[in-house]
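Report on the following structure.
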Amino acid sequence: MAKFRTNKITNKSLLLSAVLGCTLSAAALAQDGPPGTDIFVADLSMNPLGFWATKNFEAVTTRKGYDNQPYFLPDGSGLLYTAMLQMDNGLWQADSFEYNFDSKKHTNLTNSSLSEYSPTLMAGGYYFSSIVVEEDNKQYLWGHPFHSKAKAYRMSNLEPVGYHVWGNKGAIAMFILGSEKLPNDKSTLQFQKSFKTKPKIVAHDIGRSLRFTASRNAYSFSQLKSDKKWWLSEYHPKTDSITALVPLPKGSDYYTWIDDKTAVTAVGNELRLWKYSTDSKSASAAEWMPWVDASKICKTKVTRLAVDRDKSRLAIVCDE
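Each step along the sequence shown adds one to the number in our numbering, with nothing skipped, and position 252 is 291.
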């Protein structure tokens, strides 16, 4: 694997707990650093029996530190991800990186005076979006040039943004942290048909995985329901409605879709699959079936997951 370049840069902002999914003090960050995570990628295919299968897990990152939030580039050339680097003053910051599958090269795409999270290529491929922690520690959605000399810019004044996902024709759904305006909400899902329209709160108490399924024009998310269980749910803009699909297994934090009928999550270092159904009356977490034992490459816990556009690669993030 190519050497990971980690330029130290001064005057960078600290990460916020919602992005990492944990709470860390400035002192802890200075002494111990952020939690260590690594990205692995496997070949993904459907076998002759019609079941999804993986093979050849390969480490994309192996350094000690936080490498997380993988996003596959649509052309299959590589992926974007977030890496945390140590500053000259001992504190940590985050940059958006690109990893190329052929060259095995890691490239810092932002290398800015701010911290960026959740890089996501935008329609057209000229920009990628990310969550930027600005100098006042507020989190906004920004656009960044992708392999061009254009300037980065703030796309929306909505804050504090934790995560985001793009839909059709510039529509977007965002995870918004509780704020002074919404003091009783830990998090809300807010939807905008475009940045010319006002954001609309469509769900409360949501989790950190947002996905868009084009065939259903639906935005999926995890949500803490009144039964005290985390559910996989979908928001449908056309009908302005939410469908609760299935409870997530106990210990599951993240999920993604392999195709529009197959979701995958992780419990510990075991991956589990669920077949899409809208019959939530009898839905049970037991419907998530064991799929891949990832213990050989991940001795601890699998968290984030991603699948590429061609359904030929699966990325998982493993706690160090």
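Quick reminder that beta carbons are idealized off the backbone N, C-alpha and C, glycines included.
Please read all numbers here as calculations on a predicted model, not as lab measurements.
Residue i, buried or exposed, once every other Cβ within 10 Å from all chains shown has been counted against 16
i: S272; result: buried
i: D299; result: exposed
i: M328; result: exposed
i: T121; result: buried
i: R193; result: exposed
i: F90; result: exposed
i: S316; result: exposed
i: D134; result: buried
i: T295; result: buried
i: M213; result: buried
i: C61; result: Its pLDDT being 44, under 50, C61 is placed unreliably in this model, and the value from its coordinates should be taken loosely. When all chains shown are included, C61 counts as exposed.
i: A324; result: buried
i: P158; result: buried
i: H203; result: buried
i: S351; result: exposed
i: L88; result: exposed
i: S154; result: buried
Beta-bridge partners of residue i, as assigned by DSSP
i: R193; result: W181
i: Y120; result: F136
i: K94; result: D82
i: S151; result: According to DSSP, S151 bridges with nothing at all.
i: K239; result: F230
i: S259; result: R250, E273
i: W330; result: W330 pairs with nothing; no bridge assigned.
i: H203; result: M213
i: C357; result: D77, V341
i: P286; result: W270
i: L361; result: With the chain covering only 40 through 359, there is no way to say anything about residue 361.
i: T159; result: S168
i: T146; result: E137
Residue i, enclosing beta strand (DSSP E) - first and last residue
i: I170; result: 166 to 172
i: T278; result: Note, T278: premise wrong, no beta strand (DSSP E); not H, not E.
i: A345; result: 341 to 346
i: P113; result: No beta strand (DSSP E) contains P113, which DSSP labels as neither H nor E.
i: S351; result: Run containing S351: none; DSSP gives neither H nor E here.
i: E309; result: 309 to 314
i: L249; result: 245 to 252
i: A305; result: 301 to 306
i: Y105; result: Note, Y105: premise wrong, no beta strand (DSSP E); not H, not E.
i: T298; result: Note on identity: in this sequence residue 298 is Asp, with Thr being the wrong assignment. That run of the beta strand (DSSP E) goes 294 to 298.
Contacting residues, own chain, Cβ-Cβ under 6 Å from residue i (five flanking each side not counted)
i: Q178; result: I170, V172, E198, P199, V200
i: V99; result: I78, V80, Y138
i: Y105; result: P73, T76, M123
i: H275; result: A257
i: P238; result: L197, Q229, Q231
i: T339; result: D358
i: S233; result: G209
i: L63; result: Residue placement at L63 is poorly supported in this model, since its pLDDT is 42, which falls under 50; the coordinates still yield a value, given next. Nothing meets the Cβ criterion.
i: W330; result: L310, R311, L312
i: S259; result: R250, E273
i: G246; result: S261
i: W270; result: Q262, K264, A283, P286
i: G206; result: F251
i: K94; result: D82
Rounded distance between the beta-carbons of residue j and residue i, thought under 8 Å
i: V241; j: L228; result: 5 Å
i: A322; j: P288; result: With a Cβ gap of about 12 Å, A322 and P288 do not count as contacting.
i: N147; j: F140; result: About 18 Å; that fails the 8 Å criterion.
i: F111; j: D347; result: 4 Å
Beta-carbon proximity list for residue i, same chain, < 8 Å, skipping 5 on both sides
i: P184; result: Y165, Y166, K190, A191
i: N308; result: D332, A333, S334, C337, K338, T339, K340, V341, C357
i: Y344; result: A quick correction: the sequence has Leu, not Tyr, at residue 344. For L344, where only same-chain residues beyond five positions count, the Cβ hits under 8 Å are Y293, Y294, T295, V303, T304, A305, L310, L353, A354, I355, V356.
i: G290; result: V306, G307
i: D279; result: V241
is_contact[residue i, chain D] using C-beta, thresh 7 Å
i: T278; result: No chain D appears in the structure shown, which is made up of a single protein chain.
Residues near residue i by beta carbon distance below 7 Å, same chain, minus five either side
i: A66; result: At A66, the pLDDT of 43 sits below 50, so the modelled position is not reliable and the matter cannot be decided from this model.
i: Y156; result: V58, Q108, T121, A133, S169, I170
i: G117; result: E137, Y138, N139, F140
i: S187; result: Y165
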